[in-house]
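Input: a single structure, listed below in structure tokens.
2 protein chains.
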Amino acid sequence: MKKYAEMTRSELELERAEVQAKYDELKAKKLSLNMARGKPGKAQLDMTSEMMDILKSDSDYMCDGIDVRNYGNLEGLPSCRALFAELLGVKPENVFCGGTASLQMMYDTIAKCYTHGRVNSDKPWAKLDKVKWLCPAPGYDRHFAISQSFGMEMITVPMTSEGPDMDLVEELIRDGDVRGMWCVPKYSNPDGIVYSAETIRRIASMKPAAKDFLLMWDNAYCVHEFFGDYLPFPDILGECAKYGNEDMVFEFASTSKITFPGAGVSVFACSEHNMEYVKKLLTVQVISYDKVNQLRHVRYLRDKAGVLALMKRHAAILGPKFRCVLDWLDREIAPRGIAQWQKPNGGYFVSVNTMPGIAKETWRLCKEAGLTMTGAGATFPYGRDPKDSNMRVAPSLPPTEQLEQAMEVYCISMRLAALNKLLA
Amino acid sequence: MKKYAEMTRSELELERAEVQAKYDELKAKKLSLNMARGKPGKAQLDMTSEMMDILKSDSDYMCDGIDVRNYGNLEGLPSCRALFAELLGVKPENVFCGGTASLQMMYDTIAKCYTHGRVNSDKPWAKLDKVKWLCPAPGYDRHFAISQSFGMEMITVPMTSEGPDMDLVEELIRDGDVRGMWCVPKYSNPDGIVYSAETIRRIASMKPAAKDFLLMWDNAYCVHEFFGDYLPFPDILGECAKYGNEDMVFEFASTSKITFPGAGVSVFACSEHNMEYVKKLLTVQVISYDKVNQLRHVRYLRDKAGVLALMKRHAAILGPKFRCVLDWLDREIAPRGIAQWQKPNGGYFVSVNTMPGIAKETWRLCKEAGLTMTGAGATFPYGRDPKDSNMRVAPSLPPTEQLEQAMEVYCISMRLAALNKLLA
Numbered sequence: 028m029k030k031y032a033e034m035t036r037s038e039l040e041l042e043r044a045e046v047q048a049k050y051d052e053l054k055a056k057k058l059s060l061n062m063a064r065g066k067p068g069k070a071q072l073d074m075t076s077e078m079m080d081i082l083k084s085d086s087d088y089m090c091d092g093i094d095v096r097n098y099g100n101l102e103g104l105p106s107c108r109a110l111f112a113e114l115l116g117v118k119p120e121n122v123f124c125g126g127t128a129s130l131q132m133m134y135d136t137i138a139k140c141y142t143h144g145r146v147n148s149d150k151p152w153a154k155l156d157k158v159k160w161l162c163p164a165p166g167y168d169r170h171f172a173i174s175q176s177f178g179m180e181m182i183t184v185p186m187t188s189e190g191p192d193m194d195l196v197e198e199l200i201r202d203g204d205v206r207g208m209w210c211v212p213k214y215s216n217p218d219g220i221v222y223s224a225e226t227i228r229r230i231a232s233m234k235p236a237a238k239d240f241l242l243m244w245d246n247a248y249c250v251h252e253f254f255g256d257y258l259p260f261p262d263i264l265g266e267c268a269k270y271g272n273e274d275m276v277f278e279f280a281s282t283s284k285i286t287f288p289g290a291g292v293s294v295f296a297c298s299e300h301n302m303e304y305v306k307k308l309l310t311v312q313v314i315s316y317d318k319v320n321q322l323r324h325v326r327y328l329r330d331k332a333g334v335l336a337l338m339k340r341h342a343a344i345l346g347p348k349f350r351c352v353l354d355w356l357d358r359e360i361a362p363r364g365i366a367q368w369q370k371p372n373g374g375y376f377v378s379v380n381t382m383p384g385i386a387k388e389t390w391r392l393c394k395e396a397g398l399t400m401t402g403a404g405a406t407f408p409y410g411r412d413p414k415d416s417n418m419r420v421a422p423s424l425p426p427t428e429q430l431e432q433a434m435e436v437y438c439i440s441m442r443l444a445a446l447n448k449l450l451a
Numbered sequence: 028m029k030k031y032a033e034m035t036r037s038e039l040e041l042e043r044a045e046v047q048a049k050y051d052e053l054k055a056k057k058l059s060l061n062m063a064r065g066k067p068g069k070a071q072l073d074m075t076s077e078m079m080d081i082l083k084s085d086s087d088y089m090c091d092g093i094d095v096r097n098y099g100n101l102e103g104l105p106s107c108r109a110l111f112a113e114l115l116g117v118k119p120e121n122v123f124c125g126g127t128a129s130l131q132m133m134y135d136t137i138a139k140c141y142t143h144g145r146v147n148s149d150k151p152w153a154k155l156d157k158v159k160w161l162c163p164a165p166g167y168d169r170h171f172a173i174s175q176s177f178g179m180e181m182i183t184v185p186m187t188s189e190g191p192d193m194d195l196v197e198e199l200i201r202d203g204d205v206r207g208m209w210c211v212p213k214y215s216n217p218d219g220i221v222y223s224a225e226t227i228r229r230i231a232s233m234k235p236a237a238k239d240f241l242l243m244w245d246n247a248y249c250v251h252e253f254f255g256d257y258l259p260f261p262d263i264l265g266e267c268a269k270y271g272n273e274d275m276v277f278e279f280a281s282t283s284k285i286t287f288p289g290a291g292v293s294v295f296a297c298s299e300h301n302m303e304y305v306k307k308l309l310t311v312q313v314i315s316y317d318k319v320n321q322l323r324h325v326r327y328l329r330d331k332a333g334v335l336a337l338m339k340r341h342a343a344i345l346g347p348k349f350r351c352v353l354d355w356l357d358r359e360i361a362p363r364g365i366a367q368w369q370k371p372n373g374g375y376f377v378s379v380n381t382m383p384g385i386a387k388e389t390w391r392l393c394k395e396a397g398l399t400m401t402g403a404g405a406t407f408p409y410g411r412d413p414k415d416s417n418m419r420v421a422p423s424l425p426p427t428e429q430l431e432q433a434m435e436v437y438c439i440s441m442r443l444a445a446l447n448k449l450l451a
């Protein structure tokens, strides 16, 4: 099998005729497939549903001397704070257990910067002329959407195999208008890159010109290995504290991909100083979060060992799906030399970089053949991928037989887009 | 028994000696009682806990063709929207079902005014020099805390027996800086007043100078009768629409006092125009709310009839508690003429207006004798009751035997405060 770049024009034309025929054949099947979002599949949901009726009798609702069914304990159930503290390697008093969505916590953290300012801000950010924000990309589209919604000026920072390009970051934070940065440090969305120890050290020791710079550390995949064993990972609060930066960072996590998407428990972790400040603001916003659901999680997950055991069961479902995606890419795309990709051990995505200029067209062809993919460009600020190259593959939702078909459509669509481009 | 105002000085002194002795006796018991917050009692929580294991098998999680355990349906589960639509007398498409706290929804609605503006705002409120806000008082302290947190200039509007003083409201809204108003229209917090049809008509037909005026309609006690039958109540969306004001209002409700405080389902209702606008903002903030909990509520409550039947069971627990409070006041306070109060048929409070100048001292005496009451003044903007007179009694949490004791402490403390004042 030849790389497309090495084919003659007539060879490309022959290949196109063949690929087009195969594409038309797939399209005729009127498929309805979806690899757009990191949604767990039904097998995962069925597996964890055993948590749902774990609370049965009236006495089950007592925990830490608290009746979890009533108002109170803004910062969350102590046992739940302890569970997440163990997971994240921080102290329970640094953990705030909230509702069901870490995205909402992140949004609210940013919103409060605008309406009230940070613990050490001179004024609310709404009163600033400009807020610039560092966006390692490819990154998580919902992070960028938050930044955009608040009118931030997003600055793209390229990802390296060790995390964000720190030379560039260290340069950019000299600008006092740069107020923060998004990070998904372990199994980054979408690349699945694990930030290296050196990258983390450089992030934790940053000296931004803006004294109220906010490091948004979205540890969404902190225990989410699908190949191999749990990978220990530094606690960013402790790392930042080493350099006097303990107030710079908010860390986020949730059980959306441990128990239930949008119905789990979300948390943030921060310094005592930050905690005191945000609790004063939060007590105006909410009396207390759903401690019943927090208790369900405590009883079901128990501790870090319990979580890691459950994640092994998720991996048994997810691993084969990721294997399927990587096998298709290795078999169908690699020999043709039209894309490259990371081979992650955890997270929820495979990030594919096609030859420049064909991501959008590949997306369109997939769509036309009944396969919904994450929008091409979505992984970049403002939805603009300068190379029109990055595509996020999310294989978790479809059952395996559908996934095989989806990957067939995806690979054929990419090949057709590449051939059309090369022959244009 | 004589009214204190009619007693001679020596009679008052005799009375004080007697009351002081009784107070000291109570204080010596080292009680720990709480009538501070509208928290349901354990008997209510035990009663509704039957909801918690209503979802058992994997197939139970399917509703409206949706697997409630996964991401999706930002605006809530259709069946849950329909349930609240029936409760509030609106259409399901006007209802947004969210997380567990209507307070958070209210806060977020205000926060978005500041960061993004309303659907018809010229600019975000954070860019305005001044935001003034109408606060019918006595009112809900947490409403006022939100206004204060955002730096609003709160304007107190006195309550009448039919709701806010509308002559004054109609005068105040001519000021273009007045951007909104808090209302608890049915069984107002704390007075338990039901806004009259005429008050509601005048509110719905307001023509505020500020075109983006926001009516915050906190229908917290929409089905919360503890004496007598369910009282039908106008749908504020429809009322406002009659006068072309459909975009002026957001209505809020929750099941915090139907199922579980802080672990129920909260909703807002608004016009289609508002819904479209806020959904665009909300989709950035959250993927979807806890539909599992929404489904639990749908399966348990079923429909309005189901809710009203459950509220009758709550009333059977709450009614005697309110009867106890009113009996104590009638027996111990009324004859002495040192306070007046509403006699509500629903809600969670009894609002007591003492003779001027003794609410804070009564609170202090209660505290010293082991009884925590809502802070005196808390029911007014900035916590400042100009007459130092209003006190909110919240009898729902203590079991009846504790409530008897709490009311004894409360009445004795008020009598002592009155006597000290009259003899000063």
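As given, the protein sequences belong to chains A and B, one line each in that order. Going left to right, the first sequence walks through residues 28 to 451 as my numbering numbers them. Going left to right, the second sequence walks through residues 28 to 451 as my numbering numbers them. Glycine included, each C-beta is placed from N, C-alpha and C at the ideal position. Given the structure is predicted, the values throughout are model-derived calculations rather than measurements.
query                                                                                                                                                                                        : result
If you reduce the DSSP assignment to three classes, tell me which class K83 (chain A) lands in.                                                                                              : coil
In the DSSP assignment, the beta strand (DSSP E) including P419 (chain A) goes from what residue to what residue?                                                                            : In the sequence as displayed, the identity of residue 419 (chain A) is Arg instead of Pro. First-last of the beta strand (DSSP E) with R419 (chain A): N417 to V420.
Please check the pair I365 (chain B) and Y50 (chain B), which I expect to be a contact at CB under 8 Å, by giving their CB distance rounded to whole angstroms.                              : I365 (chain B) to Y50 (chain B), Cβ: 15 Å. No contact.
Could you confirm whether any beta carbon from chain A is found closer than 7 Å to the beta carbon of L82 (chain B)?                                                                         : yes
If the criterion is Cβ atoms closer than 7 Å, does the pair G203 (chain A) and A153 (chain A) meet it?                                                                                       : no
At a cut-off of 6 Å, is L58 (chain B) close to the ligand MG when judged by its beta-carbon and the heavy atoms of the ligand?                                                               : The ligand MG is not part of the structure shown, which contains no ligands of any sort.
Looking at the secondary structure, which residues open and close the alpha helix (DSSP H) in which E273 (chain A) lies?                                                                     : E273 (chain A) -> no alpha helix (DSSP H), and no H or E assigned at all.
Can the beta-carbon of K66 (chain A) be found less than 7 Å from the beta-carbon of N320 (chain B)?                                                                                          : no
Taking Cβ positions, are D274 (chain A) and N301 (chain A) nearer each other than 7 Å?                                                                                                       : yes
For I344 (chain A) and K157 (chain A), I'd like the C-alpha separation in whole angstroms.                                                                                                   : 46 Å
Among B:S223, B:A280 and B:A32, which one has its Cα closest to the Cα of G116 (chain B)?                                                                                                    : B:A280
In the DSSP output, what is I182 (chain A) paired with across the bridge?                                                                                                                    : A:L161
Assign P426 (chain A) to one of two classes, buried (16 or more other C-beta atoms within 10 Å of its C-beta) or exposed (fewer than that).                                                  : exposed
Could you name the residues of the same chain whose beta carbon sits closer than 8 Å to that of A128 (chain B), not counting the 5 residues immediately before and after it, in chain order? : S281, S283, G289 and S293
Show which residues of chain A have a CB atom less than 9 Å away from the CB atom of L337 (chain B).                                                                                         : Chain A residues near L337 (chain B): none, gap ~15 Å exceeds 9 Å.
Just to make sure I have the definition right: I need the residues of chain A whose C-beta is within less than 8 Å of the C-beta of P67 (chain B). Which are they?                           : N97
By DSSP's criteria, T399 (chain B) is part of a beta bridge. Which residues make up the other side?                                                                                          : B:N61
Mind checking which residues open and close the beta strand (DSSP E) that includes N380 (chain A)?                                                                                           : V377 to T381
Taking its Cβ as the centre, do 16 or more other Cβ atoms sit within 10 Å of D412 (chain A), making it buried, or is it exposed?                                                             : buried
Please report whether the beta-carbon of L72 (chain B) lies at a distance below 7 Å from any beta-carbon of chain A.                                                                         : yes
Just the C-alpha distance for D80 (chain A) and L82 (chain B), rounded to the nearest angstrom, thanks.                                                                                      : 7 Å
Indicate the three-state DSSP secondary structure (helix, strand or coil) for F123 (chain B) in the structure shown.                                                                         : strand
Excluding the five sequence neighbours on either side, which residues of its own chain have a C-beta within less than 7 Å of the C-beta of K348 (chain B), listed in chain order?            : P422, S423, T427 and L430
Just grab the DSSP bridge partners of L242 (chain B) for me.                                                                                                                                 : B:M208 and B:V276
Under 7 Å Cβ-Cβ, which residues of chain A neighbour T288 (chain B)?                                                                                                                         : Note that residue 288 (chain B) corresponds to Pro in the displayed sequence, not to Thr. By Cβ distance, chain A contributes N97 and Y98.
Which partner residues does P191 (chain B) have in the DSSP bridge list?                                                                                                                     : B:M186
Is S84 (chain B) closer than 7 Å to V325 (chain B) when the C-beta atoms are compared?                                                                                                       : no
Spell out the partners DSSP gives E52 (chain A) in its beta bridges.                                                                                                                         : E52 (chain A) is not bridged to any residue.
By the 10 Å Cβ neighbour count, where 16 or more other Cβ atoms means buried, how is K318 (chain A) classified, buried or exposed?                                                           : buried
Between the Cα of T187 (chain B) and the Cα atoms of B:Q312, B:G219 and B:E102, which residue gives the shortest distance?                                                                   : B:G219
Rounded to a whole number of angstroms, what is the C-alpha to C-alpha distance between K414 (chain A) and T136 (chain B)?                                                                   : 39 Å
Quick check: the region 240-253 of chain B against the region 367-378 of chain B, are there 3 or more CB pairs under 8 Å?                                                                    : yes
Drop a sphere of 10 angstroms on the beta-carbon of G92 (chain A), count the other beta-carbons inside from all chains shown, and report buried for 16 or more, exposed for fewer.           : exposed
Residues of chain A with CB closer than 8 Å to the CB of R64 (chain B), please, in chain order.                                                                                              : Y98
Which residue comes first and which comes last in the beta strand (DSSP E) that contains Q367 (chain A)?                                                                                     : A366 to W368
Return yes when the Cβ of A63 (chain B) is within less than 7 Å of the Cβ of M400 (chain B), no when it is not.                                                                              : yes
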